[in-house]
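Residue numbers (the numbering used here), protein chains in the order written: chain A, 181 to 399; chain B, 4 to 535.
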Amino acid sequence: MTAAAFYDLDGTLISTNLVHVFAFYARNDQGILQSIKRSVATIAGLPIFMAADAYSRKVFNDIFFKWYKGQSEDRLRYLAEDLFEEVIGPAVYPGTLPLLEKSRNTGLRQVVVTGALDITIQPLLRHLGITEYVANRLEFVDGRATGRLKPPVMASATKASWIRTYSEKEGLSLSDCFAYADSMSDLPMLSVVGHPTATNPDRRLRSTALRHDWPIVRL
Amino acid sequence: MSPVLRRKLDPGTVYIDTDSAPRLIHYGEDFWEEDLPVGTRVIYPKPPIQGLPNPRGAIRHAVNHPLGCDPLHAQLSPGMKVTIAVDDISLPLPPMITPDTRQTALEVVLELLEDHGVDDTHIIVANSLHRKMTEPEMRRMVGVAIHDAFYPDRYYCHDAEEPDGIVYLGETDRSEQVRINRRAVESDLVIYININLVPMDGGHKSVTVGLCDYRSLTHHHDPQTIRDSHGYMDPSASELNHKCVRMGAIVDEHMNVFHIETVLNNRMYHDQLDFLCKNEDDFSELDRMKLRATRWSTGKMPRAAKRAFFHNLPSPYELIACYAGKTDPVHEKTLERCFDQYAIKVKGQCDILIVGVPYISPYNVNSILNPLLVQVMGPGYFFNLFRGKPLLRKGGVLILCHPCYDEFDAEIHPSYIEFFHRLLPETRDAFTLREKYEEEFATNPSYIQMYRQGTAYHGAHPFFMWYWGENGRQHVGKIIAAGAENQHVPELLGWDRAETLAEAIANARSYMGRSAEITMLHLPPIMIPEVE
């Protein structure tokens, strides 16, 4: 196989995003007071997240993942299955599996390139039948999250750079590769492949896709 | 023979004289009024045949007196599984006023089914690899009552890419695989309700093309088949039709198909625009006023608004015949009636053929006539409007009047954009394009997704559009885009460009000689010249 299809996850193949995942963890925090405290804090932080995301995905990541500080690694892993059952599984778009099937049938390698946390997406990847992926990783010290991400942080241009390096390493022809993403922040990732596809795009990506004559898919 | 006398010989043929009025020529979403060179022959379509006074009665009579099989009511029994397939929005053009003939036929058929206790009924739009119709379009086509009763579970569009949605029926003695919609194959009875606008519609093409998948379609939608087809409008000379007939025989072996074919007249324009069908020399004051008003109002509009205006003008087509029963005898009768409306006797071929390309084709209803579709209309459909000999002499010049704007509808024709801007700069050879790229486009997951979930034509469709012009491209010596507003579109299509029609005619004459015979087809409405 000399080509691959690279997928963003949040908003592209599933309708949830990082905040939904964090909200689930906050809701299921140990102790009712702690749970209420974190849930309220998450809701209160929504405007900040939105503003940060609109400004830059990197700034968003810097702010957002700080909120994981102090979370236990065991607990995050333990809740990942429930997270899939309750939040992520129902959020898989109806067109996702048929798209992956068609893509797989054409001989493309299936690779997920996401800014989501690796520990939260394992059950989803099993469900989608995808084994190749790159995701963000929280830094843990003594089993507790520090609120920082291990480099490289997957966002915007880093995704494109990772795809380039990966393709070179695996002998993939980038001009034959596909990429699927939903957000303007993923423009670099879409721009490095020969077959970019705006998938459930936001307004800015949609207008960019129209200008560049890229296909626009709704799953 | 003086020009004045010549002009009166045949009402369908006019020779331009020194005192002739300018001719109206379609130019995309506009019209040109052009003074053609003296001696130019202008061919007009036949006037519309009077519509049947009682279309519902005619359809009911046809299903009760079928050709080659038992009446429909005699084939029905309670509990049986029935699939009704109907043509998609590509027919007729433009979409007809409501009630659509399909609605009338469906009302007759559904009433019969209900009376006989048949309740497992699905209605499938046989769109093949065309775009799926939107819900409002589907509602308009069958009427609110049928739509509300069946949509979306039992009234939907055929999906050629649905996993397990297609069944392999077998193959012909020439290894042509027949693969058809599963629901239709597994039904006890398939009722196909067709609209015959031109002779290439209907017959075995209805099921074998309308309900098939990409693999099945590639047997006849390929460059060689098109090269071997001597015109599309004469089924006896069309290799495309021969293949469909062979594949239709396999369908008939495995499926019970009851065909209802309806023939429409060519009443394309209602009162507001009926002057477009007339001989310009015979325009009344009222016609001139309508023309001025139309040109003035559309002249003030941006192109998108003009497009929307014209696409929202339905045609007052009328039913002129309906036949039902087995596909072959039904289609034979249908063709006779079709030619009654469209066939025009013409004396001799021409060296230069002028055609105005209108705003619509079968593939851009409610959308843009992009450059690839202008090509389909020119060397594809317009060149192939003949029975017997082509109207244009071998090596002659085809002049197409169209702005050739580089505009595409990203939702409806996404794969066309890539085809036009990525592939055509590399090669225009249909065989090379097929060999190198057709499979890639046909299996492109993004295009498949857009076809299945959205309103996009299948990824392979732009290839078929290119092949469609293959026999025209092989036949003509040159194509000139008159009035093309840019250089690169005609260039990519392999055409010459001219600023005006006069410049195009001068170019054509320099190529064919000063004494070249010039003919203009006064299209639309459609006509099929029979060259004597």
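We put the CB at the ideal spot given by N, CA and C, even for glycine.
Check	Outcome
Whole-angstrom distance between ASP432 of chain B and VAL147 of chain B, CA atom to CA atom	46 Å
The region 410 to 420 of chain B contacting the region 259 to 272 of chain B, beta-carbon criterion three pairs below 8 Å	no
Residues near TYR30 of chain B in its chain [Cβ-Cβ closer than 8 Å; skip 5 each side]	GLY359, VAL360, CYS404, HIS405, PRO406 and GLY486
C-beta contact flag for TRP469 of chain B and LEU375 of chain B at 8 Å	yes
Amino acids of chain A, ordered along the chain, whose beta-carbon sits closer than 8 Å to that of THR446 of chain B	LYS282, ASN285 and THR286
For GLY252 of chain A, the residue or residues it bridges with in DSSP	A quick correction: the sequence has Ser, not Gly, at residue 252 of chain A. Partner(s): A:ARG324.
Separation of GLY302 of chain B from MET4 of chain B, as counted between CA atoms	Low local confidence applies: a pLDDT of 44 at MET4 of chain B is under 50, so the model's placement there is unreliable, with the coordinate-based value given in what follows. Their Cα atoms are separated by approximately 41 Å.
Start-to-end residues for the beta strand (DSSP E) that takes in GLN180 of chain B	180 to 184
Listed by chain order, chain A residues near TYR272 of chain B by CB distance under 8 Å	In chain order: nothing, as chain A lies at least about 34 Å away.
Host beta strand (DSSP E) of LEU192 of chain B (start-end)	192 to 199
DSSP state of LEU356 of chain B mapped onto helix, strand, coil	strand
Bridge partner(s) assigned by DSSP for LYS84 of chain B	B:ASP123
TYR248 of chain A to ILE216 of chain A span [Cα, whole Å]	15 Å
The region 392 to 399 of chain A contacting the region 444 to 456 of chain B, beta-carbon criterion three pairs below 8 Å	yes
Interface flag, GLY457 of chain B vs chain A, CB-CB below 8 Å	yes
Residue-level contact to chain B via CB, ARG328 of chain A, 8 Å cutoff	no
Straight-line gap, VAL379 of chain B to MET334 of chain A (C-alpha atoms, nearest Å)	46 Å
Among B:GLU335, B:ASP290 and B:ASN259, nearest to HIS273 of chain B - alpha-carbon criterion	B:ASP290
Contact under 8 Å by Cβ, PRO95 of chain B with LEU214 of chain B	no
Per-residue burial, VAL7 of chain B [other beta carbons within 10 Å of its own, 16 or more giving buried]	Here the model assigns VAL7 of chain B a pLDDT of 49, short of 50, so the residue's position is not dependable and the matter cannot be decided.
DSSP three-state assignment for LEU75 of chain B, whether helix, strand or coil	helix
Residue ranges of each alpha helix (DSSP H) within the region 388 to 457 of chain B, 4 or longer	417 to 421, 433 to 436, 442 to 445 and 448 to 456
Closer than 7 Å: ARG185 of chain B CB and nearest the ligand NAP heavy atom	Looking for the ligand NAP in the displayed structure turns up nothing, as the structure carries no ligands at all.
Per DSSP, the bridge partner or partners of GLN290 of chain A	A:ALA185
Beta carbon of MET364 of chain A nearer than 8 Å to that of LEU385 of chain A	yes
CB contact below 8 Å: ASP366 of chain A versus chain B	no
Start and end residues, alpha helix (DSSP H) containing HIS375 of chain A	From DSSP, HIS375 of chain A is part of no alpha helix (DSSP H) but of the beta strand (DSSP E) over 375 to 379.
Close beta carbons around GLY323 of chain A, own chain, < 8 Å, minus the five adjacent residues each side	SER252, GLU253 and ASP254
Beta carbon of TRP498 of chain B nearer than 8 Å to that of ALA519 of chain B	no
Which listed residue (A:VAL267, A:LEU308, A:ILE268 and A:LEU297) has its alpha carbon closest to that of ASN241 of chain A	A:LEU297
Three-state secondary structure (DSSP) of MET523 of chain B	strand
Chain A within 8 Å of MET453 of chain B, Cβ atoms only	yes
Within 8 Å, strictly: CB atoms of ALA537 of chain B and ILE149 of chain B	Past the edges of chain B, shown from 4 to 535, lies residue 537 of chain B, and the structure says nothing about it.
Test: TYR450 of chain B CB closer than 8 Å to a CB of chain A	yes
From B:PHE342, B:THR137 and B:ARG340, residue whose alpha carbon lies closest to that of SER93 of chain B	B:THR137
Stretch pair the region 308 to 317 of chain B + the region 346 to 360 of chain B: three plus CB contacts closer than 8 Å	no
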